[in-house]
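Engineer: Here's a structure for you.
There are 2 protein chains.
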Amino acid sequence: MKYQSPSVGQEISCVMKLVSSKFLLEPRALKKILKQKLSEENFGILKITSHTFEPHGFTLFFLLSESHLAIHTYPEYNSIYFNFYSCRGPADAEPTFKFIKEKLKPKEILFLRKDKVPLINPQP
Amino acid sequence: MKYQSPSVGQEISCVMKLVSSKFLLEPRALKKILKQKLSEENFGILKITSHTFEPHGFTLFFLLSESHLAIHTYPEYNSIYFNFYSCRGPADAEPTFKFIKEKLKPKEILFLRKDKVPLINPQP
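Protein sequences, first through last, are from chains A and B.
Numbering of the first sequence is given in the working numbering, commencing with residue 1 and proceeding in unit increments.
Numbering of the second sequence is given in the working numbering, commencing with residue 1001 and proceeding in unit increments.
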């Protein structure tokens, strides 16, 4: 049977604050553990793109068969932005989110509330 | 003066439904107009990654100095997922969002509500 995505996937998007700083400066360590975790969760990793910024911080992007995982780190705040969109099934992004939360140990997580940005929403 | 990102950027993340289908099948046209628009808005485009899926649909990712723009298209639903995160300033992602909305002419936009996914939020 051919797989068909649902029309809307699951997204988890947040800023994790006051995280363990050892993962924030360069992408290698985080890339390694996320690659393992995504494979364990049977996501198809098609491409990995990263960029390290001056003076610090990086972006890490996993292009998946099932959508994507994007990370930005902000060492100046000891924080990371985590954005996972998956169109494979419900609750699909949660094990990876939980995994990274356990590794990074944020003291606070701010979920980005989309209902606060409806200003150009064409629906009344 | 050295630029410093705010601790939390602006994110616009949504599914645009029933869009103009000419942009959905392959990334070239959308990549071209988005590249122009992002440059016009003075975003620094560091890398562009894309992947075209079988039997159709694609992912397009712009890695920016100011964070990222990710697009996934679902021709089977005539829809796209749009996710822009920018840590340059308030309302920073809006002109690009508005631009793509005008180009794709969605009949409906579903903003992904993050407050519906707090199940693993460590905050009470």
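Here a beta-carbon is modelled for each residue, glycine too, at the ideal position from N, C-alpha and C.
In whole angstroms, give me the CA-to-CA distance for residue 6(A) and residue 38(A).
Structural biologist: Using only the alpha carbons, I get a separation of about 20 angstroms.
Engineer: What residues match up with residue 50(A) in a beta bridge as DSSP calls it?
Structural biologist: Paired residues: 60(A).
Engineer: Could you tell me if residue 14(A) is buried or exposed, where buried requires 16 or more neighbouring beta carbons within 10 angstroms of its beta carbon?
Structural biologist: Buried: at least 16 other Cβ atoms inside 10 Å.
Engineer: Ordered along the chain, which non-local residues of its own chain (more than five positions away) have a Cβ less than 6 angstroms from that of residue 1111(B)?
Structural biologist: 1014, listed in sequence order.
Engineer: In or out: residue 1019(B) buried (at least 16 other Cβ within 10 Å) or exposed?
Structural biologist: With 16 or more Cβ atoms within 10 Å of its Cβ, residue 1019(B) is classed as buried.
Engineer: Using 8 angstroms as the threshold, is the C-beta distance between residue 1045(B) and residue 1103(B) below it?
Structural biologist: No, the pair does not count as a contact, with Cβ atoms beyond the cut-off.
Engineer: At 7 angstroms on the CB atoms, spell out the chain B contacts of residue 76(A), in chain order.
Structural biologist: Neighbours of residue 76(A) on chain B, chain order: 1004.
Engineer: So with Cβ pairs under 8 angstroms, would you call residue 1042(B) a contact of chain A?
Structural biologist: For residue 1042(B), the answer is no, since every Cβ of chain A falls outside 8 angstroms of its Cβ.
Engineer: Residues of chain A with CB under 8 angstroms from residue 1049(B), in chain order?
Structural biologist: Neighbours of residue 1049(B) on chain A, chain order: 47, 49, 61 and 63.
Engineer: Hey, does residue 26(A) have any beta-carbon neighbour from chain B nearer than 8 angstroms?
Structural biologist: No, no contact with chain B.
Engineer: Are the region 45 to 54 of chain A and the region 91 to 105 of chain A in contact at 8 angstroms, needing three or more beta carbon pairs?
Structural biologist: The answer is no - the region 91 to 105 of chain A does not touch the region 45 to 54 of chain A, with fewer than three Cβ pairs under 8 angstroms.
Engineer: So, is the C-beta of residue 1089(B) closer than 8 angstroms to a C-beta in chain A?
Structural biologist: Not an interface residue.
Engineer: Along the chain, which unbroken stretches of the alpha helix (DSSP H) at least 4 residues long are found entirely within the region 1078 to 1116 of chain B?
Structural biologist: Complete alpha helix (DSSP H) runs here, min 4: 1094 to 1104.
Engineer: Determine the direct distance from the alpha carbon of residue 1071(B) to that of residue 1031(B), and round the result to whole angstroms.
Structural biologist: Distance between the alpha carbons of residue 1031(B) and residue 1071(B) is about 10 angstroms.
Engineer: How many angstroms separate the CA atom of residue 63(A) from the CA atom of residue 1079(B)?
Structural biologist: Near 19 angstroms, if we compare the C-alpha coordinates of residue 1079(B) and residue 63(A).
Engineer: Smallest Cα separation from residue 1084(B): which of 1021(B), 1028(B), 1041(B) and 1067(B)?
Structural biologist: Considering only alpha carbons, the answer is 1067(B).
Engineer: Output needed for residue 56(A): all residues of its chain with C-beta closer than 7 angstroms, excluding positions within five of it in sequence on either side, in chain order.
Structural biologist: For residue 56(A), where only same-chain residues beyond five positions count, the Cβ hits under 7 angstroms are 25 and 75.
Engineer: Please tell me whether residue 1112(B) has its Cβ less than 8 angstroms away from any Cβ of chain A.
Structural biologist: Yes, residue 1112(B) lies at the interface with chain A (some Cβ there is under 8 angstroms from its Cβ).
Engineer: Would you kindly report the start and end of the unbroken alpha helix (DSSP H) that includes residue 1022(B)?
Structural biologist: Segment: none, residue 1022(B) is in no alpha helix (DSSP H) and carries neither H nor E.
Engineer: Using the Cβ count rule (16 or more neighbours within 10 Å means buried), how would you classify residue 1028(B)?
Structural biologist: Its Cβ having fewer than 16 others within 10 Å, residue 1028(B) is exposed.
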